[in-house]
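What follows is a single structure, written as structure tokens, with notes after it.
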Amino acid sequence: LITGGTSGIGRATATQLASRGANVTITSRSLATARNVADKLTTESGTAVDPAALDLSSLDAVRTFAAWYADRHQRLDVLINNAGTMAGKRRTTQDGLEWTLAVNHLGPFLLTNLLTPLLLASTPARIINVSSENHRSAKQGLDFDDLQMTTGYSPSKAYAASKLANILFTIELNNRLGPDGVTARALHPGVVATNFGKDPNSPRWMGLAMTLLKPFLATPEKGAATSVHLATAQPNELDAAIYWASSKPKHPSESALDNAAARQLWEASAELVAPTN
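Read in the working numbering, the sequence shown has 39 at position 30, and its numbers run on one by one without any break.
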């Protein structure tokens, strides 16, 4: 299962895994887009790729999708939390959550938890969280007194915090699920030429920057390499390192290795995604 699998790194990841014979489901906020891309990937790979609609900014949509997916599948070997965004200005979701944190962390957090029974039924299973080297910009760690940045907000600050959250989430996933056969890893895909800056919610400067820098950026296929490696590597090839880049272990920031912060983030996230009625 690959979230955000209709463009960029996600699409390249889906193509490579389907070409190896994997049964792949890709998601997009638009079911029409997911269907269109899935048809193309099925033709390109020779393996049927399934489409699905998933809006990670909506907790209800995540719950609906997870129930649908679990009803249709008896197992889930690999969950790749690939979808990501950066809001151009502070905005909130229909659930009242800061947009970047919701899409990049809270939505995937809820999705992963809802699909955990399926992952546990499929062991050895893997969870792959696409983070970023940009997590290092969150030098002071996460502010648990203001996770949603009601003060001092900036797009880059919110994005860095969400990418740090991806790694801390990965640590706590391993602590909780590792003993039962579910392995979690986080990764940096590289600086890749994707449609990331074309999202209408992204800062305007990002789209321009991506256009200007495109000749110098890695291809989506190269950006997908680490996700594919982590999804397909034999257990003895999968180093114990939490964070990876260029298909190799890489040391993340010290803030990303804080077990206490990982546990605190889990508890705070669980409260934020809990049903309100």
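In this text, a Cβ means the ideal position worked out from N, Cα and C, and glycines have one as well.
Sequence-distant residues of its chain with Cβ nearer than 7 angstroms to residue i (five each side left out)
i	result
G116	L65, S66 and V71
L156	L110 and A277
T132	D189, G190 and V191
E230	A21
A79	L124 and L127
A57	T51
T102	S66, S67, W108 and A111
E53	T24
Residue i, DSSP secondary structure in three states
i	result
K223	Model confidence at K223 stands at a pLDDT of 48, short of 50, so the residue's coordinates are unreliable; what they give is reported in the following sentence. Helix.
S251	Correcting the residue type first, residue 251 is Ile in the shown sequence and not Ser. In this structure, I251 counts as coil in the three-state DSSP scheme.
T101	strand
L88	strand
G228	The amino acid at residue 228 is misidentified as Gly; the sequence shows Thr. Residue state, collapsed to three classes: coil.
S16	coil
P284	coil
K257	strand
A62	strand
M215	Confidence at M215 is low in this model, with a pLDDT of 49, below 50, so its placement is unreliable and no value can be given for it.
S37	strand
N32	coil
L274	helix
Residue environment, residue i, which counts as buried when at least 16 other CB atoms sit within 10 Å
i	result
H260	exposed
K172	buried
T36	buried
F178	buried
Q25	buried
W77	exposed
Q153	With the sequence shown as reference, residue 153 is identified as Phe, and Gln is not the correct amino acid for it. With fewer than 16 Cβ atoms within 10 Å of its Cβ, F153 is classed as exposed.
R194	buried
E107	buried
N138	buried
L50	buried
N90	buried
E181	buried
G19	buried
A240	buried
K41	Before going on, a small fix: residue 41 reads as Ala here, not Lys. By the neighbour-count rule (16 or more Cβ atoms within 10 Å), A41 is not buried but exposed.
T159	exposed
A233	buried
G287	Within the shown structure, residues of the chain are numbered from 10 to 286, placing residue 287 beyond reach of any answer.
V282	buried
A43	buried
Proximity below 8 angstroms, CB of residue i to CB of residue j
i	j	result
A119	L68	The question names Ala, yet the displayed sequence has Leu at residue 119. In this structure, L68 lies closer than 8 angstroms to L119 by Cβ.
G150	A270	yes
V33	I11	yes
H114	N175	yes
T235	A254	yes
H82	S140	no
G287	G93	Because the chain is modelled from 10 through 286, residue 287 falls outside the range shown and cannot be assessed.
Residues near residue i in its chain [Cβ-Cβ closer than 8 angstroms; skip 5 each side]
i	result
L129	L186, D189, G190 and V191
V237	T22, Q25 and L26
F74	T36, A61, A62, L63 and L120
A147	K166, A169, A170, K172, L173, S262 and S264
Cβ neighbours of residue i in the same chain (closer than 6 angstroms, five flanking residues each side left out)
i	result
R135	V87 and T192
D104	L68
R99	Y162
R38	D64
R145	S262
Closer than 8 angstroms to chain B by CB, residue i
i	result
L151	Chain labels in this structure do not include chain B; a single protein chain is all it has.
Length at least 3, wholly inside the region 161-201: the beta strand (DSSP E) runs in chain order: 191-197
3-residue-minimum beta strand (DSSP E) runs that sit fully inside the region 102-162, ordered along the chain: 134-139
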